[in-house]
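Shown next, in structure tokens, is the structure this report addresses.
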Amino acid sequence: MSNSNVADRVGVDKITTYIGAEISGVDLSKPLDDPTFQAIHNALMDNLVIFFRDQVMAPEQQKAFGRRFGELHIHPGAPILHEEEEGRPRLGELTHIPYAYGIEGHPEVLAIYADENSKRIAGEEWHSDVSCEAEPPMGSILRLTQVPPSGGDTLFSSMYAAYDALSERMKDFLGGLTASHDGATYGKNFENRAGKTHPHAEHPLVRTHPVTGRKALFVNRTFTTRIVELNNAESDALLQMLFRHCENPVFQCRFRWRPNSVAFWDNRCAMHNAMWDYYPNRRHGYRVTIQGDRPFYRA
Ligand code: SIN
Numbered sequence: 001m002s003n004s005n006v007a008d009r010v011g012v013d014k015i016t017t018y019i020g021a022e023i024s025g026v027d028l029s030k031p032l033d034d035p036t037f038q039a040i041h042n043a044l045m046d047n048l049v050i051f052f053r054d055q056v057m058a059p060e061q062q063k064a065f066g067r068r069f070g071e072l073h074i075h076p077g078a079p080i081l082h083e084e085e086e087g088r089p090r091l092g093e094l095t096h097i098p099y100a101y102g103i104e105g106h107p108e109v110l111a112i113y114a115d116e117n118s119k120r121i122a123g124e125e126w127h128s129d130v131s132c133e134a135e136p137p138m139g140s141i142l143r144l145t146q147v148p149p150s151g152g153d154t155l156f157s158s159m160y161a162a163y164d165a166l167s168e169r170m171k172d173f174l175g176g177l178t179a180s181h182d183g184a185t186y187g188k189n190f191e192n193r194a195g196k197t198h199p200h201a202e203h204p205l206v207r208t209h210p211v212t213g214r215k216a217l218f219v220n221r222t223f224t225t226r227i228v229e230l231n232n233a234e235s236d237a238l239l240q241m242l243f244r245h246c247e248n249p250v251f252q253c254r255f256r257w258r259p260n261s262v263a264f265w266d267n268r269c270a271m272h273n274a275m276w277d278y279y280p281n282r283r284h285g286y287r288v289t290i291q292g293d294r295p296f297y298r299a
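Quick note: the sequence shown uses our numbering, first residue 1, plus one each step.
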């Protein structure tokens, strides 16, 4: 299939100037030819998060789509559960369904789940996925199968736009600083299940995107705890300022899910935040996560 055919077939409709586009004309359950892969990759690089509607995919198909973009990541702390019909896992010794779990036979697929018994949900605060790892994921592909009657949107924020909006003096000051990212948010369950301590890593506070070469702020409320080169008071004050700055709605788009919608985001330049405004309704879906590289800063 020629590139011009792909341009005719694959639609890219931007949601905002800075972030987000809805893609049409592709069936993600089928193997992607190279021009279609390239069109999707380009749309992701240009828009940071891309959305697809009406995608019915088995775990193997979602994994195959993810593998076009890289090796798949296995979440460090999620329990593995056996799923039966309607995505209800067999609980075994557990008393309620965890907010995130791996599926037996598909450890690379992370199920996310919330209902009337939930105490928390996956991703309910601004973050870049597992930024506490030394090589944080490049991207994540989430497909929801069950959505609440209202609410349950996901917000995405452009960390390029957040960086670009800073003054030149602030950009100079932040360039080359290092931030600590800590996985303590996973709580005690992580240590019990994984039998090891939470991941912890230090990353450049401003990172250069390996594909686009653009600079992005790389801090988030969920994992970033400290700016290494500053004293505690300076670090706390600057992180609070940066968290608030990155969460400015002007850098954001908001996605309203339907069953079988897919969101694919680039963790290197976008943060996201899942709204829990639908309790006690159920929201359920499956994420595959693509491994990334060690973040770097190029002045
Ligand atoms: C996540 O952080 O992967 C969860 C996002 C969502 O449920 O919308």
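From the three backbone atoms N, C-alpha and C, an ideal C-beta is built for every residue, glycine too.
Those residues which DSSP pairs with residue i across a bridge
i	result
residue 287	110 and 142
residue 253	156
residue 101	111
residue 272	127 and 156
residue 22	13 and 51
residue 7	Paired residues: none, contrary to the question.
Cβ-heavy atom distance, residue i to the ligand SIN, below 7 Å
i	result
residue 154	yes
residue 230	no
residue 115	no
residue 41	no
residue 157	no
residue 97	no
residue 20	no
residue 277	no
residue 142	yes
residue 123	yes
residue 82	no
residue 245	no
residue 73	no
residue 165	no
residue 161	no
residue 236	no
residue 23	no
Extent of the continuous beta strand (DSSP E) run through residue i
i	result
residue 29	Note, residue 29: premise wrong, no beta strand (DSSP E); not H, not E.
residue 169	Careful: residue 169 lies outside any beta strand (DSSP E), inside the alpha helix (DSSP H) at 168-174.
residue 198	That residue, residue 198, is in no beta strand (DSSP E); it is neither H nor E in DSSP.
residue 226	224-227
residue 14	11-14
residue 262	262-266
residue 180	178-182
Through-space distance from residue j to residue i, alpha-carbon basis
i	j	result
residue 177	residue 222	19 Å
residue 180	residue 203	7 Å
residue 97	residue 212	39 Å
residue 241	residue 248	11 Å
residue 55	residue 25	11 Å
residue 69	residue 290	7 Å
residue 2	residue 72	Bear in mind that the predicted position of residue 2 carries a pLDDT of just 48, short of 50, making it unreliable; the figure below should be weighed with that in mind. One C-alpha to the other measures close to 29 Å.
N-terminal and C-terminal residue of the alpha helix (DSSP H) that residue i is part of
i	result
residue 208	Per DSSP, residue 208 belongs to no alpha helix (DSSP H); it is in the beta strand (DSSP E), 206-208.
residue 52	Premise fails: residue 52 lies in the beta strand (DSSP E), 49-52, not in any alpha helix (DSSP H).
residue 232	232-246
residue 65	59-67
Contact test: residue i Cβ vs the ligand FMN heavy atom, cutoff 7 Å
i	result
residue 287	The model depicted lacks the ligand FMN and carries the ligand SIN instead.
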